[in-house]
Amino acid sequence: MTPFGSKMRQLRAARGVTQKEMAEALGVSAAYLSALEHGRRGRPTFMLVERIIGFFNVIWDDAEELRALAEGSHPRVVVDTSGLDPRATELAHRLAGTIADLDGAALDRLIAALVRETGDG
1 MTPFGSKMRQ
11 LRAARGVTQK
21 EMAEALGVSA
31 AYLSALEHGR
41 RGRPTFMLVE
51 RIIGFFNVIW
61 DDAEELRALA
71 EGSHPRVVVD
81 TSGLDPRATE
91 LAHRLAGTIA
101 DLDGAALDRL
111 IAALVRETGD
121 G
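Residue numbering for the sequence shown follows UniProt numbering, starting at 1 and increasing by one per position.
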């Protein structure tokens, strides 16, 4: 599940809306919505994100959060390390090879470490 999919599912549950109901309101199939929630589809289009924002009637910070989550939620990531320090390539390969084995706590620690190092949070 992607961060966007997780947030969308959380919003649906909080409002007591089924995937089928939401899909019909958005003009997409329930299968597509399910795949989007579970990270089996690519990043949603800008227009679909805007329709989702309208569907949930979220404003300001919550709308911006959904847009940001959608932007960063493509389930397949390509990392171009050409021209970078060779350790960047090593890090990318190690992460790609082990990410499926990391539990939630380990993922949280790695994310926190990267945020501390980059100041991007």
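Glycine is no exception: its CB is placed at the ideal position from the N, C-alpha and C atoms.
What you are looking at is a predicted structure, and each value in this text was computed from that prediction instead of being measured.
Looking from the CA of Met47, the closest CA among Arg15, Ala112 and Gly27 belongs to Gly27. In the same chain as Arg51, and ignoring 5 residues on each side of it, the C-beta atoms closer than 8 Å to its own belong to Leu26 and Gly27, in chain order. The distance from the Cβ of Ala92 to that of Thr81 is about 6 Å, consistent with a contact at the 8 Å cut-off.
At least 7 Å separates the beta-carbon of Gln19 from that of Leu36. Gly72 sits in coil when the DSSP states are folded into three classes, being neither helix nor strand. The three-state reading of DSSP puts His93 in helix, counting H, G and I together. One alpha carbon belongs to Val49, the other to Asp101, and they sit about 31 Å apart. Sequence-distant Cβ neighbours of Phe56 in its own chain, meaning closer than 6 Å and more than five residues away, are Leu11. Along the UniProt domain "HTH cro/C1-type" (8-66), the alpha helix (DSSP H) occurs as fully enclosed runs of 4 or more residues at 19-26, 30-37 and 46-56, listed in sequence order.
A straight line joining the alpha-carbon of Leu66 with that of Asp85 spans about 33 Å. Judged by beta-carbon spacing, Gly72 lies beyond the 7 Å limit of Gly39, meaning their Cβ atoms are not closer than that value.
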